[in-house]
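Q: Quick note: the sequence shown, position 128, residue 128 per our numbering, numbers continuous.
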Amino acid sequence: MLVTGNSPSSTMNGCVFEPDAEIGSVPTKVCHRCKEPIMDRFVMRVHPNYEFHPACLSCASCHATLDESCTCFVRNGIPYCKPDYFKFFGVHCNECKEVITDRVMKAGDRGYHVDCFKCSVCMVKLEPGDYYTIYNDRIYCKDDIEALYGDNDTSSSANGM
Numbered sequence: 001m002l003v004t005g006n007s008p009s010s011t012m013n014g015c016v017f018e019p020d021a022e023i024g025s026v027p028t029k030v031c032h033r034c035k036e037p038i039m040d041r042f043v044m045r046v047h048p049n050y051e052f053h054p055a056c057l058s059c060a061s062c063h064a065t066l067d068e069s070c071t072c073f074v075r076n077g078i079p080y081c082k083p084d085y086f087k088f089f090g091v092h093c094n095e096c097k098e099v100i101t102d103r104v105m106k107a108g109d110r111g112y113h114v115d116c117f118k119c120s121v122c123m124v125k126l127e128p129g130d131y132y133t134i135y136n137d138r139i140y141c142k143d144d145i146e147a148l149y150g151d152n153d154t155s156s157s158a159n160g161m
């Protein structure tokens with residue numbers, strides 16, 4: 001997020017403060033939310049160059065104020081706070097059904113938290129490159145799928161089995 005204003009360029013809390021147009025000049029910035037000219041000293045700017053009055057930049061879902069102290073996500077021109085963005089648009093873990101906000105382990109079209117990606121029998125955490133099978137929507141390591149099902153059809157397998 002970029003905050004601009006009529007002051008010398010500086011950095012604070014990860015935001016960049018840049019000089020704006022001269023005080024008293026005709027404003028060229030229009031607020032993305034209310035569509036009114038921005039006459040304020042500071043402008044809240046979020047990617048990709050959407051500009052807001054400080055009071056207009058809030059989460060479209062929970063209406064929390066979004067400022068330089070929090071992360072702002074924009075989707076289709078609509079701003080969201082981080083929790084709401086991941087709630088609506090994030091990948092949900094196929095195992096625990098919670099939103100994944102960090103690394104994702106992918107198995108086909110399914111996503112998992114790193115700690116949830118484990119064999120459903122022996123509970124061994126599976127790492128990238130390990131052989132596993134997903135059968136009846138459960139994850140199995142190579143040893144457990146062979147012990148449980150032998151040579152039976154486990155055609156829903158993934159990653160080399």
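Glycine included, each C-beta is placed from N, C-alpha and C at the ideal position.
Values in this document were obtained by computation on a predicted structure and should not be read as measured data.
1) Quick one: using the 10 Å Cβ neighbour count with 16 as the cut-off for buried, is V30 buried or exposed?
2) Near D137, which residues of its chain fall below 6 Å by C-beta distance, leaving aside the five closest residues on each side in sequence?
3) Tell whether a beta-carbon distance below 8 Å holds between G90 and V99.
4) With DSSP collapsed to three states, give me the class of I100.
5) How big is the Cα-Cα spacing for Y50 and K142?
6) Can you check the segment 58 to 136 for any beta strand (DSSP E) of at least 3 residues that lies completely inside it and give the ranges in chain order?
7) Cβ atoms of V46 and C72: under 8 Å apart, would you say?
8) Where do the N-terminal and C-terminal ends of the beta strand (DSSP E) with K51 fall, by residue?
9) In whole angstroms, what separates the C-alpha of M44 from that of C93?
A: The answer reads as follows:
1) exposed
2) none
3) yes
4) coil
5) 50 Å
6) 72 to 75, 78 to 81, 104 to 107, 110 to 113, 132 to 135
7) yes
8) It is Glu, not Lys, that sits at residue 51 in the sequence shown. 50 to 52 is the span of the beta strand (DSSP E), which, as asked, contains E51.
9) 33 Å
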